[in-house]
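Participant:
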Amino acid sequence: MTKILYVEDTPESQRLVQRILAAEGFDVVIAEDGISAIEIARTEMPDLILMDINIGGLDGYEVTTRLRTIQGLEDVPIVAVTAATLAGDRERALVAGCNGYIAKPIDVDLFPQQVRSYLVGKKEEVRPEDKEDYLLEYNRRLVKRLEDKVRELEKANEELQRVEKMKSDFVILAGHELRTPLTVIYGYLQILLANPAIPGDVDQEGSPRHLLKNVSEAVERLSQVIQDILNVSLIDANRLDLAHEPVFINSIIQSVLHNLRNFGPQRQLIFDLGGGLRKLPVIEGDPRRLHQALWNIISNAIKYTPDGGTITIDGRVEGDEVHLWVKDTGVGIPADELGHIFERFYVLEDVALHRSSKTAFKGGGLGLGLAVAKGIIEAHGGTLWAESEGYDEEKLPGSTFHILVPIGNPLPTDRV
Ligand code: ADP
Numbered sequence: 355m356t357k358i359l360y361v362e363d364t365p366e367s368q369r370l371v372q373r374i375l376a377a378e379g380f381d382v383v384i385a386e387d388g389i390s391a392i393e394i395a396r397t398e399m400p401d402l403i404l405m406d407i408n409i410g411g412l413d414g415y416e417v418t419t420r421l422r423t424i425q426g427l428e429d430v431p432i433v434a435v436t437a438a439t440l441a442g443d444r445e446r447a448l449v450a451g452c453n454g455y456i457a458k459p460i461d462v463d464l465f466p467q468q469v470r471s472y473l474v475g476k477k478e479e480v481r482p483e484d485k486e487d488y489l490l491e492y493n494r495r496l497v498k499r500l501e502d503k504v505r506e507l508e509k510a511n512e513e514l515q516r517v518e519k520m521k522s523d524f525v526i527l528a529g530h531e532l533r534t535p536l537t538v539i540y541g542y543l544q545i546l547l548a549n550p551a552i553p554g555d556v557d558q559e560g561s562p563r564h565l566l567k568n569v570s571e572a573v574e575r576l577s578q579v580i581q582d583i584l585n586v587s588l589i590d591a592n593r594l595d596l597a598h599e600p601v602f603i604n605s606i607i608q609s610v611l612h613n614l615r616n617f618g619p620q621r622q623l624i625f626d627l628g629g630g631l632r633k634l635p636v637i638e639g640d641p642r643r644l645h646q647a648l649w650n651i652i653s654n655a656i657k658y659t660p661d662g663g664t665i666t667i668d669g670r671v672e673g674d675e676v677h678l679w680v681k682d683t684g685v686g687i688p689a690d691e692l693g694h695i696f697e698r699f700y701v702l703e704d705v706a707l708h709r710s711s712k713t714a715f716k717g718g719g720l721g722l723g724l725a726v727a728k729g730i731i732e733a734h735g736g737t738l739w740a741e742s743e744g745y746d747e748e749k750l751p752g753s754t755f756h757i758l759v760p761i762g763n764p765l766p767t768d769r770v
């Protein structure tokens, strides 16, 4: 069956031409605009193309010129069909690469015959003495259109950057505004918890001290979330400034574990801290940020490992870098997701099943944790990646997160 691609954006014309040509036994495919016309022509390889000139995106002339460069479409008949009947329109269509020109409104009786004539090889030509002038005019028009498009894109891009900056400024500002009162609340809660006059015990369900402890955990969780949102915005905007100091990785890990063990539901997990950690040298880095990165990675290991599992943390020096790894015996990560989990807002689970917790088994988060961890490690000149044999809630293949950070120059040279 002879296949005809009709490039046209008005539905009435599409319907009319489709009806006439289908009645003649042709198979008609429609493209609505210039870019999709190129894609469809490439995949459908039609026997003839009817090209409306005034279409969105690239116009019919430009699409024709482009189609002529596609392998297999160099010689396919392309016929301009358009209402534009200004002097020179026919020649413009021909120099752009069309074989001929059918004026709109189409003559219903004549149309099938006109189409057939192009199918059997009709080809109109521009008078040789006019050809150069029309080509020159076409060239100039193309360059002008290109200039207009580049200007439009530049303007749109500037606008996008402006909006993006406003958004990230807002998030950073909102993050700071939220953090300040939270710090005060957290501080007062600790003072209250340290006050012996508060009755009850932290483990005594329902006692004032137990309630206060719960509030304190919720506040801590809230500030971690705000911290992640703030960090991801700073990382995005390339504004994550590091306050470099000598860093004891082992103490950071101890502090993260202490902090994580102390809040959230009590989990039955074994923490296996390898002997390599104590031997790690002091490195140069921002301890607060590294704490956050390790907190996010280790809390994930806890979250995605069921009770009874083991979380192994160890490290060693490799060249001028420290290599740390956090290995769990949890649900694991599907191979095709390993590259995506570091994207911001990326969560593997169905959002409808979302449960918010930083330590409960499979307690969900915002999907920012790993993006922040990666941003922080990379800001230190390091690398963060994950390995896993796949996701399986029964076999529990586990995951390993690897962190490489340069040792750097932890002590100012005048003190060495
Ligand atoms: P979330 O806040 O959802 O934990 P993260 O950025 O920390 O977001 O992690 C992104 C996703 O990567 C998680 O939703 C989870 O599916 C997967 N993931 C991260 N760490 C682990 C792990 N140790 N084991 C299994 N899956 C993990």
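Here the sequence shown is numbered in my numbering, starting from 355 and rising by one per residue. The beta carbon of each residue, even a glycine, is placed where N, CA and C say it ideally should be. Bear in mind that the values here come from a model prediction, so they are computed numbers and not experimental data.
With a threshold of 6 Å (Cβ to nearest heavy atom), would I695 be considered close to the ligand ADP?
Facilitator: The answer is yes for I695.
Participant: Taking the alpha carbon of S753 as the reference point, which residue from G744, D429, V759 has its own alpha carbon closest?
Facilitator: Measuring from the Cα of S753, the nearest candidate turns out to be G744.
Participant: For the stretch 454-539, which segments carrying the beta strand (DSSP E) assignment without a break, of at least 3 residues, lie completely within its bounds, in sequence order?
Facilitator: Runs found: 454-457.
Participant: If you drop the 5 nearest sequence neighbours on each side, which residues of the same chain put their C-beta closer than 8 Å to that of P635?
Facilitator: Here the set comprises V671, V676, I761, P764.
Participant: Note down the Cα distance separating I667 from R516, rounded to an integer number of angstroms.
Facilitator: Using only the alpha carbons, I get a separation of about 43 Å.
Participant: Are the beta-carbon atoms of I384 and Y360 separated by less than 7 Å?
Facilitator: For I384 and Y360, yes; Cβs fall inside 7 Å.
Participant: Which same chain residues, not among the five before or five after R499, have their C-beta less than 6 Å away from its C-beta?
Facilitator: Same-chain partners within the cutoff: there are none.
Participant: Quick check: the Cα distance between S354 and A551, rounded to an integer number of angstroms?
Facilitator: Any property of residue 354 remains undetermined from this structure, which presents the chain solely from 355 to 770.
Participant: Could you tell me whether any non-hydrogen atom of the ligand ADP is closer than 6 Å to the CB of G723?
Facilitator: Indeed, a heavy atom of the ligand ADP lies less than 6 Å from the Cβ.
Participant: I'd like the ranges of any beta strand (DSSP E) spanning at least 3 consecutive residues and lying wholly in the stretch 365-393.
Facilitator: Within the stretch 365-393, the complete beta strand (DSSP E) runs of at least 3 residues are 381-385.
Participant: For D668, which of helix, strand or coil comes out of DSSP?
Facilitator: D668 falls in the strand class under three-state DSSP.
Participant: Indicate, with yes or no, if the ligand ADP has a heavy atom lying under 6 Å from the CB of V687.
Facilitator: Per the sequence shown, residue 687 should be read as Ile rather than Val. Because some heavy atom of the ligand ADP lies under 6 Å away, the Cβ of I687 counts as near it: yes.
Participant: Please tell me whether, using a cut-off of 6 Å, the distance from the CB of G673 to the nearest non-hydrogen atom of the ligand ADP is below it.
Facilitator: Because no heavy atom of the ligand ADP lies under 6 Å away, the Cβ of G673 does not count as near it: no.
Participant: Quick one: does the C-beta of D682 sit closer than 6 Å to a heavy atom of the ligand ADP?
Facilitator: Result yes, Cβ under 6 Å from the ligand ADP.
Participant: Taking contact to mean 3 or more Cβ pairs, one atom from each stretch, closer than 8 Å, check whether the stretch 530-540 and the stretch 565-576 are in contact.
Facilitator: Output reads yes: the stretch 565-576 touches the stretch 530-540.
Participant: Check whether the stretch 488-498 touches the stretch 445-455, counting contact only when three or more Cβ pairs, one atom from each stretch, lie closer than 8 Å.
Facilitator: With a cut-off of 8 Å, the stretch 445-455 and the stretch 488-498 count as touching, because enough Cβ pairs lie within range.
Participant: Using only alpha-carbon positions, find the residue among P365, D387, Q368, M399 that is nearest to M355.
Facilitator: The residue with the shortest Cα to Cα distance from M355 is M399.
Participant: How many angstroms separate the CA atom of D674 from the CA atom of G693?
Facilitator: If I take the Cα positions, the gap works out to 26 Å.
Participant: Buried or exposed, going by whether 16 or more other CB atoms sit within 10 Å of the CB of V433?
Facilitator: Buried: at least 16 other Cβ atoms inside 10 Å.
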